[in-house]
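In the working numbering, the protein residues as written are 8 to 287.
Every residue gets a Cβ at the ideal spot worked out from N, C-alpha and C, and that includes glycine.
The structure appears right after this line, and notes come after that.
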Amino acid sequence: MRTPPAVRIGMVNYINTAPIHEIWKSRPHDDSWRMVEAHPAALNQMLAGGEIDLGFVSSHEYGIRPEKYEILEDLSISAHGPVGSVFLFSMIKPEMLSGLRVLLSVQSKTSVCLVKIALEKFLKVSPAYIEGEVRQARKLGADAVLAIGDDALRLNIEGSYQYCLDLGELWRRYTGLPFVFAVCGVRSEFARNHPELVNAVHRELIVCRDLGLGALDNICRLAAPRIPMDVDVCHRYLSAIEFNLGPFKQQALQRFYTYLFEFDEARKECLPLKIRKVEE
Numbered sequence: 008m009r010t011p012p013a014v015r016i017g018m019v020n021y022i023n024t025a026p027i028h029e030i031w032k033s034r035p036h037d038d039s040w041r042m043v044e045a046h047p048a049a050l051n052q053m054l055a056g057g058e059i060d061l062g063f064v065s066s067h068e069y070g071i072r073p074e075k076y077e078i079l080e081d082l083s084i085s086a087h088g089p090v091g092s093v094f095l096f097s098m099i100k101p102e103m104l105s106g107l108r109v110l111l112s113v114q115s116k117t118s119v120c121l122v123k124i125a126l127e128k129f130l131k132v133s134p135a136y137i138e139g140e141v142r143q144a145r146k147l148g149a150d151a152v153l154a155i156g157d158d159a160l161r162l163n164i165e166g167s168y169q170y171c172l173d174l175g176e177l178w179r180r181y182t183g184l185p186f187v188f189a190v191c192g193v194r195s196e197f198a199r200n201h202p203e204l205v206n207a208v209h210r211e212l213i214v215c216r217d218l219g220l221g222a223l224d225n226i227c228r229l230a231a232p233r234i235p236m237d238v239d240v241c242h243r244y245l246s247a248i249e250f251n252l253g254p255f256k257q258q259a260l261q262r263f264y265t266y267l268f269e270f271d272e273a274r275k276e277c278l279p280l281k282i283r284k285v286e287e
């Protein structure tokens, strides 16, 4: 009997993917379907290097290597307004950060680019950027820090910074659009070689998403202790996260890439978007 091809699937290890991931873990899958958990920057490297075959990666990753990937239809990590886990925390007003140190999280290139767009294009300030871990911000003399994912949730709960700027909300204020933080990308070569397998995983991810959004109360009871945070707070947070990628989200993604062109952080070939449709 022929051994079915294996597939390695990247999943962001923040609680914002819990509506998909918790359902995935509860459902039976072939042993050849292997889930790989990591933060976005690590998943970017894995997909680019062929260590995973498909999965959730930063929107920026598709923008800089569009020849390597296709985007799976109707899957994303996105928000239309406040996202609740991508913040610029600052000790002074963000509009006053010119020349001052802003520490950038190394965990997501998309959020790094978004904070640069927010500060330089929207707020018209020119900070001095440094890279490092969020908890090193004070030690490194940073006046502000970009925090994402579970780190951002914890800092927001702690309330140790005077100003807290939700970058999803700022993006909507200036563009009128949602923001797509991550897409579900597949390596084009893998998709060409294994189209039926990719389609099966694609369908299963959509099923898990839909089931998870319908069971959010239970998902929050599982996810909240990881921060830790109150279940009600977790519910408000996850209710604001969206996982689809319809035409409006695709328009938002295209707008993001046009900004990235100005920063030399995306290639022109990323547009038009290469969307791989799911087959029923």
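Could you work out which residue in the options is closest to residue i when comparing CA atoms only?
i, options, result
"G183", "K32, E286, N251, Q258", "Q258"
"R233", "R161, D81, G91", "R161"
"G139", "I155, S112, D38, V122", "S112"
"V248", "Y76, P185, E68", "It should be noted that the sequence gives Ile, not Val, for residue 248. Closest option to I248, Cα to Cα, is P185."
"K275", "K281, G106, T265", "T265"
"Y69", "H87, A86, P47", "P47"
"Y136", "A159, G156, Q114, S105", "S105"
"L153", "L147, R145, V141", "V141"
"G221", "L147, I27, A13", "I27"
"K281", "A207, A198, G166", "A198"
"H242", "F250, L223, P254", "L223"
"I30", "H67, G219, G91", "G219"
"F6", "P12, F188, E203, F268", "Since the first residue shown for the chain is 8 and the last is 287, residue 6 is missing from the structure and cannot be characterised."
"S246", "R262, P12, D217", "D217"
"A13", "S33, M42, A49", "M42"
Cβ atoms of residue j and residue i: under 7 Å apart, would you say?
i, j, result
"R228", "V240", "no"
"G17", "G62", "yes"
"L121", "L174", "yes"
"I59", "R15", "yes"
"E102", "L126", "no"
"I164", "A25", "no"
"L172", "L107", "no"
"A230", "I22", "yes"
"L110", "A144", "yes"
"C277", "P89", "no"
"V193", "S66", "no"
Please report how far the alpha carbon of residue i lies from the alpha carbon of residue j, in whole angstroms.
i, j, result
"Q169", "T117", "24 Å"
"D271", "V64", "19 Å"
"E80", "V205", "12 Å"
"K256", "M98", "33 Å"
"N20", "K100", "31 Å"
"P279", "A273", "13 Å"
"L147", "W40", "42 Å"
"K284", "P235", "37 Å"
"E286", "H201", "14 Å"
"E4", "R180", "The question about residue 4 has no answer, for the chain in this structure spans 8 to 287."
"D37", "I155", "33 Å"
"S133", "K123", "9 Å"
"E196", "K75", "8 Å"
"S115", "H209", "23 Å"
"L35", "D150", "A small correction: the amino acid at residue 35 is Pro; Leu does not occupy that position in the sequence shown. Each residue's alpha carbon lies about 48 Å from the other."
"K128", "E269", "10 Å"
"A55", "Y244", "30 Å"
"H87", "E203", "32 Å"
"V119", "V93", "10 Å"
"G166", "G91", "13 Å"
"Y261", "L267", "For the record, residue 261 in the displayed sequence is Gln; it is not Tyr. About 10 Å."
"A207", "N51", "22 Å"
"M53", "A159", "24 Å"
"P254", "S33", "31 Å"
Should residue i be listed as close to the ligand GDP, given that the test is whether its C-beta is under 6 Å from any heavy atom?
i, result
"Q52", "Among the ligands in the structure shown, none appear at all, so the ligand GDP cannot be discussed."
Which ranges does the beta strand (DSSP E) cover as unbroken runs of at least 3 residues, wholly within the stretch 156-229, from first to last along the chain?
-> 170-173, 186-194
### Message
Under 8 Å: do the stretch 70-87 and the stretch 200-218 share three or more Cβ pairs, one atom per stretch?
### Response
yes
Quick check on the DSSP output: what are the complete beta strand (DSSP E) runs of length 3 or more inside the stretch 95-125, in order along the chain? 108-112
Checklist line | Complete alpha helix (DSSP H) runs within the stretch 224-287 (minimum length 4 residues, chain order) | finding: 238-247, 254-269
Report the residue ranges of all beta strand (DSSP E) runs contained in full by the stretch 57-89; include only those spanning at least 3 residues, in chain order. Within the stretch 57-89, the complete beta strand (DSSP E) runs of at least 3 residues are 61-65, 76-86.
*Any chance you could list the beta strand (DSSP E) runs of at least 3 consecutive residues sitting entirely within the stretch 19-50, in chain order?*
List check, beta strand (DSSP E) in window: 40-45.
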